[in-house]
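Q:
Residue numbers (the working numbering): -16 to 291.
Set out below in structure tokens:
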């Protein structure tokens, strides 16, 4: 999954989209000015690719909302948790409405889905997660996250639960360093509850955390068959798509250079690998592409596409 430089598709980017290994595009604030402009951009992406590709964005609300002018400005997810503390029924209604609204607004401009919801449990330690989290109680996170998934589904949008298996305990920011969650496995299980509940409710995908959990496995989850194969696929019974978080992040550096990161993530079981803000690295990677693309990955990713 690649990103783009600006408001319109460039010819070099169109060439990349025709490479068989490119399965999608993630949009950022730099790619957005107005709804009509981004609708045209998405149409040009799909035309250039000459085959179905996913178009996604981070449109969580609060600090992480790439498109604002012309879109509903959503409050941080934590607001839903605060409402739940006094009125659980109202909070569930708002979470469903939020999911449906997001789905319909993205559909209007041709975007398949947002990387949402964040279902990390808020332990009061992570600044990078902070008010992006719904609540500090895994049960409340599960309830509100499930309501969001239901609302999004009513608007025709798949959901991507993140950041598996939980980014809320660590203080470090994985964009700039590799965080370590030193808790034992029983403690980690509590943070897995929202993921289990959302996947059972129909969330079509998860995105992994660039966090190390040494009590379970040394590799971070996107490079770990223990996390992806044993925990997510077998114990939790998940059959949907697995996204790595951006492989250009510092927290993804455990596996080596970009090619080694891609190889390790594919071997561990990831289906889609976002690589952002590194256009030269992407070009070199695709020029020397040597990795097999799993037919199973294509099937899982196809389920995330909007109906034509």
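A virtual CB, placed ideally from N, CA and C, is assigned to each residue, including glycine.
Which same chain residues end up closer than 6 Å to residue 32 when comparing Cβ atoms and leaving out the 5 residues on each side of it in sequence?
A: Around residue 32: 0.
Q: Should the stretch 8 to 23 be called in touch with the stretch 65 to 75, which here means at least 3 C-beta pairs below 8 Å?
A: The stretch 8 to 23, when compared against the stretch 65 to 75, does not touch it at the 8 Å Cβ threshold.
Q: In the DSSP assignment, the beta strand (DSSP E) including residue 43 goes from what residue to what residue?
A: Residue 43 -> beta strand (DSSP E) spans 42 to 44.
Q: Is the stretch 153 to 162 close to the stretch 192 to 208, with three or more CB pairs under 8 Å?
A: The stretch 153 to 162 vs the stretch 192 to 208: in contact.
Q: Does chain D have any CB closer than 8 Å to the CB of residue 194?
A: In the displayed structure, chain D is absent; only one protein chain is listed.
Q: Return the CA-CA distance between residue 106 and residue 173, expressed in angstroms with no decimal places.
A: Looking at the two C-alpha atoms, the distance is approximately 12 Å.
Q: Taking the Cβ atom as the reference point for each residue, do residue 41 and residue 96 lie within a distance shorter than 8 Å?
A: The answer is no: Cβ separation not under 8 Å.
Q: Please state if the CB of residue 124 and the CB of residue 104 are separated by a distance shorter than 8 Å.
A: Contact flag set, yes.
Q: Kindly indicate the opening and closing residues of the alpha helix (DSSP H) around residue 191.
A: Element bounds for residue 191: not the alpha helix (DSSP H) but the beta strand (DSSP E), 188 to 191.
Q: From residue -15 to residue 154, what distance separates their C-alpha atoms?
A: Rounded to whole angstroms, residue -15 to residue 154 spans 28 Å at the Cα level.
Q: Apart from the five residues on each side of it in sequence, which residues of its chain come closer than 7 Å, Cβ to Cβ, to residue 92?
A: Result list for residue 92: 18, 21, 22, 25, in chain order.
Q: Check whether the Cβ atoms of residue 102 and residue 177 lie closer than 8 Å to each other.
A: A contact, by the Cβ cut-off of 8 Å.
Q: Can you find at least 3 beta carbon pairs, one from the stretch 262 to 270 and one from the stretch 221 to 228, that sit closer than 8 Å?
A: The answer is no - the stretch 221 to 228 does not touch the stretch 262 to 270, with fewer than three Cβ pairs under 8 Å.
Q: Below 8 Å, how does it come out for the stretch 39 to 53 and the stretch 67 to 79: are there three or more Cβ pairs, yes or no?
A: No, the stretch 39 to 53 is not in contact with the stretch 67 to 79.
Q: Please list, in chain order, all residues of the same chain as residue 256 whose beta carbon is under 7 Å from its beta carbon, the five residues on each side excluded.
A: Answer for residue 256: -16, 227, 230, 245, 248, listed in chain order.
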